[in-house]
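**Q** One structure, pasted below without further comment.
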Amino acid sequence: MTEGRHCQVHLLDDRRLELLVQPKLLARELLDLVASHFNLKEKEYFGITFIDDTGQQNWLQLDHRVLDHDLPKKPGPTILHFAVRFYIESISFLKDKTTVELFFLNAKACVHKGQIEVDSETIFKLAAFILQEAKGDYTSDENARKDLKTLPAFPTKTLQEHPSLAY
7 MTEGRHCQVH LLDDRRLELL VQPKLLAREL LDLVASHFNL KEKEYFGITF
57 IDDTGQQNWL QLDHRVLDHD LPKKPGPTIL HFAVRFYIES ISFLKDKTTV
107 ELFFLNAKAC VHKGQIEVDS ETIFKLAAFI LQEAKGDYTS DENARKDLKT
157 LPAFPTKTLQ EHPSLAY
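The following block contains the structure:
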C-alpha cells in the first residue's frame, strides 16, 4: 500500500492540485509547492486551510507536518484550500503583480461565498470589475447580462435582495 494521503488543493484561480502527501511533508513545503504553481514570490501572505469534522476552518501550521493536523476523516481525498492568510493595509504595498491578482481572486471568492459582507452598491461595482477581468471591456448590455449569469459575481444574499438579478 502507498504511504501518504491523497489531497486535493483548491487554488484561487479555480484549479485543483491532486497530491499524495507523504507523512514527513511539512506544511511549509506544501505551501512552497502550491506557490510555485503561481510563480509566487510573496508567499508570506498566504496559507493553506482545511475544514475540520466540526465545520471549522483551520490553518495548517507551517512548522508542523501536514498529516499531523486534525484533518477530516472522510473517505476520498482530503480537501485543502490555498488562501490569503494575512492582509495588508493597502495592496499598493505589494511588490508583485501575481500577489495582487491572488488577493483579488481571494476577495472575489470571499464575497461570493458570503464570508465578507458588502453593501449592494459595492457588490455591483465589484461585479463590474469581475466582468471586466473575465470578459474584457464593455460591448453591450445584452452581453453583460449574459456574462454575469455565468460568473460568480453576486452572493446569494444579494440575489435575494434584488430579485430582478435572478437568472
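Heads up: the sequence shown begins at 7 in the numbering used here, then just goes up one per residue.
Every residue gets a Cβ at the ideal spot worked out from N, C-alpha and C, and that includes glycine.
As the structure is a prediction and not an experimental result, all values here were calculated from the model.
1) What residues are listed by DSSP as bridge partners for G53?
2) Return the first residue and the last residue of the alpha helix (DSSP H) that R34 is part of.
3) Locate the beta strand (DSSP E) running through R22, then write down its first and last residues.
4) Using DSSP with H/G/I as helix, E/B as strand and the rest coil, what is T60?
5) Determine the DSSP secondary structure at V124, reduced to helix, strand or coil.
6) Contact defined as beta carbons within less than 8 Å: I believe I54 pairs with L37. What is the distance between those atoms, to the nearest angstrom?
7) Under 8 Å, do I136 and K114 count as touching if we go by C-beta distance?
8) For the segment 125-134 and the segment 97-105, state whether three or more C-beta atom pairs, one from each stretch, are separated by less than 8 Å.
9) Across the segment 82-99 and the segment 11-27, are there enough close Cβ pairs to call them in contact, namely three or more that are closer than 8 Å?
10) Answer with buried or exposed for H118, where buried requires no fewer than 16 other C-beta atoms within 10 angstroms of its C-beta.
11) By DSSP, does H75 sit in helix, in strand, or in coil?
12) Since H16 is in the beta strand (DSSP E), which residue starts that stretch and which ends it?
13) Bridge partners for T104 per DSSP, in chain order?
14) Per DSSP, what kind of secondary structure is T156 in: helix, strand or coil?
15) Check whether the segment 68-77 touches the segment 31-50, counting contact only when three or more Cβ pairs, one atom from each stretch, lie closer than 8 Å.
**A** Reading it off the structure:
1) Paired residue(s): A89.
2) Counting along the chain, the alpha helix (DSSP H) containing R34 begins and ends at A33 to S42.
3) R22 to V27 is the extent of the beta strand (DSSP E) around R22.
4) DSSP places T60 in coil when its eight states are reduced to three.
5) Coil.
6) The pair is a contact, with the Cβ atoms about 6 Å apart (cut-off 8 Å).
7) In this structure, the beta-carbon distance from I136 to K114 falls below 8 Å.
8) Result no; under three Cβ-Cβ pairs closer than 8 Å.
9) Yes: at least three Cβ pairs fall under 8 Å.
10) Classification for H118: buried.
11) Assignment of H75 by DSSP, reduced to helix, strand and coil, places it in the coil class.
12) Unbroken beta strand (DSSP E) run through H16: R11 to H16.
13) DSSP, once it has assigned bridges, lists no residue as partnering T104.
14) Looking at T156 - three-state DSSP - the assignment turns out to be helix.
15) Flag = yes, the segment 68-77 and the segment 31-50 touch.
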